[in-house]
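**Student:**
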Amino acid sequence: MTSDLDFYAHVATRGEVLGAGIGTQPAQWEAALGTDHLDIEEADLLRRDYGLVELSFQRDDDAWPCFGVSLQVHRLSQDTASQVPAPLREVYGEFAPAVRFDQLTDAIAKLGHSVEPEPDAAGASPGIHRHRVPGSGVRIFVRVREGTRRQADAVWSLSVSPAWWREAG
17 MTSDLDFYAH VATRGEVLGA GIGTQPAQWE AALGTDHLDI EEADLLRRDY GLVELSFQRD
77 DDAWPCFGVS LQVHRLSQDT ASQVPAPLRE VYGEFAPAVR FDQLTDAIAK LGHSVEPEPD
137 AAGASPGIHR HRVPGSGVRI FVRVREGTRR QADAVWSLSV SPAWWREAG
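No gaps in the numbering here: position 163 of the sequence shown is 179 in this note's numbering, and each next residue is one more.
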């Protein structure tokens with residue numbers, strides 16, 4: 017049985033969601049995640065919001081290739097039912113309202129990958145630490161709160177973007 021943790025580990029190590037990833041067109045994302053999304057288009061940029069999954073596209077002639085995939089895990093603390101696209105629930109089951117970073121790193125290690133800390137960037141949000149999966153270039157943002165055991169070291173988001181790969185190379 018697959019779980020939400022399996023989903024996060026898959027994205028962290030493979031950089032794709034249900035077969036769609038960087039370079040995938042909006043219609044292919046709809047085939048994977050459905051039509052229940054919000055599109056915000058500005059000039060040659062399109063942001064598609066599925067709740068948990070947020071996508072960025074940039075127009076290239078008549079095409080709109082995806083250049084960024086983000087999993088907004090923190091949104092699940094408010095409402096998992098409306099934030100997780102139905103196709104993901106069908107494959108991975110119910111999603112928990114939070115994901116502990118140590119559990120995610122263990123799941124990533126079981127897939128033969130590692131996670132390493134990145135130096136905190138200037139202007140980074142206080143209490144958010146950044147990590148990277150070297151084999152995939154995926155970044156994991158982790159919220160660290162003092163004094164609350166329940167949300168200490170909770171995964172805030174995962175980000176797939178070729179811009180990160182150039183930086184890390």
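Where is the CB? At the ideal position from N, CA and C, for every residue including glycine.
Suppose the cutoff is 8 Å on Cβ atoms and the five residues either side in sequence are ignored; what does the same chain contact list for Y24 look like?
**Tutor:** The residues are L87, V89, V115, L120, A123, V171, L174.
**Student:** Can you tell me the Cα-Cα spacing of W156 and T40, whole angstroms?
**Tutor:** The residue you asked about is not Trp; residue 156 is Ile in the sequence shown. Computed Cα separation, rounded: 22 Å.
**Student:** May I ask you to report which of helix, strand or coil DSSP gives I124?
**Tutor:** Note: I124 maps to helix in three-state DSSP.
**Student:** According to DSSP, which residues form a beta bridge with Q74?
**Tutor:** Paired residue(s): L61.
**Student:** Express the C-alpha separation of G37 and I144 in angstroms, rounding to a whole number.
**Tutor:** Cα-Cα distance, rounded: 25 Å.
**Student:** Compute the Euclidean distance between the alpha carbons of H26 and E32, then round it to the nearest angstrom.
**Tutor:** For H26 and E32, the distance between alpha carbons rounds to 8 Å.
**Student:** Identify whether D157 lies in helix, strand or coil by the three-state DSSP scheme.
**Tutor:** Just to set this straight, residue 157 is Phe in the shown sequence, not Asp. If DSSP states are grouped into helix, strand and coil, F157 belongs with the strands.
**Student:** Could you have a look at A83 and say whether DSSP puts it in helix, strand or coil?
**Tutor:** Before going further, note that residue 83 is Phe rather than Ala in the sequence given. Reduced to three states, the DSSP call for F83 is strand.
**Student:** Closer than 8 Å is the cut-off here; do at least three beta carbon pairs connect the stretch 65–75 with the stretch 90–99?
**Tutor:** The stretch 65–75, when compared against the stretch 90–99, does touch it at the 8 Å Cβ threshold.
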